[in-house]
Every structure is written in C-alpha cells, then in structure tokens.
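Here the structure is laid out as structure tokens; the discussion comes afterwards.
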Amino acid sequence: MKKIEAIIRKSKFSEVKEALHDVGVNFFSYWDVTGLGNEKVGKVYRGVSFSTNDIQRRQLAIIVNDDFEKITVETLLKTASTGEVGDGKVFVSDVSETYRIRTGEKGSDTLK
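Take any residue in the sequence shown, note its place counting from 1, add 1449, and you have its number in our numbering.
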C-alpha cells in the first residue's frame, strides 16, 4: 500500500477531486495548509503593492493499493498542473499496514 500526499493550488481542488473519483479513488482526506515555496505572491491593496511568502494551498492524503499508485499520481500531475511555479508537490511513501476501526480487519481490503 502507498500513501500519496499532494499539496496543490486551492483553485485546482474541484478538478482534482473529480478526476480522482473518475479513476476510482473515492476516499481521501484533505485540509487547508499554508506554506512557503518558490512562488512569489504579490497583492495590491488600495494602490499599495506588497508581497507575502505565505501561500495558501490544499493538502490531500490518499492511501491506495500498490496497483493504484501510478494512476493516482498521473491523475494528480495532469489535473493539478497549470504550468506555473507554485503548482505543488506529490510525495509517495510506503504504508506497512491499515486497519478498519469498525470491524478490526486489517490489510488492503480495508481500502475498499
């Protein structure tokens, strides 16, 4: 099993969510995060320009069976991209075990 974490633009979240559902990834967690990166965000307020290093993003945590890793990552890369600096990152790590709390069962069947 794999844990895929993605940090994406908030503006791309709806598109990414739909694309993940289309390929069969129907469960994941997400939350709003603030981070620092290479993107420079500029704002204009009452005619005064200022920049901030705090960038608002959405982070997704997706656990999938090994056979879904490639399609999940490809879907994220394709739909979250704008081609501009600041599109985000995808991280993949191994998951040694999962448990379903309700029944106590463990293993890859808990992801279904």
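No residue lacks a Cβ here, since even glycine has one placed at the ideal position from N, Cα and C.
For clarity, every value in this text was computed on a predicted model and none was experimentally measured.
Subject >> Close-in-space but distant-in-sequence residues of the same chain around S1478 (CB under 6 Å, 5 per side omitted) >> reply: Position 29 of the sequence shown, counted from the start, is the residue given in the question as residue 1478. Contacts found: A1510.
Subject >> Beta-carbon proximity check, T1524 vs V1472, cutoff 7 Å >> reply: If you number the sequence shown from 1, residue 1524 lands on position 75. If you number the sequence shown from 1, residue 1472 lands on position 23. Yes.
Original post:
Given that a residue counts as buried once 16 or more other Cβ atoms are within 10 Å of its Cβ, and exposed if not, what is F1562?
Top reply: Since the first residue of the chain shown is 1450 and the last is 1561, residue 1562 is not available in this structure.
Original post:
Roughly how many whole angstroms lie between the Cα atoms of E1533 and D1515?
Top reply: Counting from 1 along the sequence shown, the entry for residue 1533 is found at position 84. Counting from 1 along the sequence shown, the entry for residue 1515 is found at position 66. Near 30 Å, if we compare the C-alpha coordinates of D1515 and E1533.
Original post:
Does the beta-carbon distance from G1537 to I1457 come in below 7 Å?
Top reply: As a working note, residue 1537 is residue 88 in the sequence shown. As a working note, residue 1457 is residue 8 in the sequence shown. Yes. Within cutoff.
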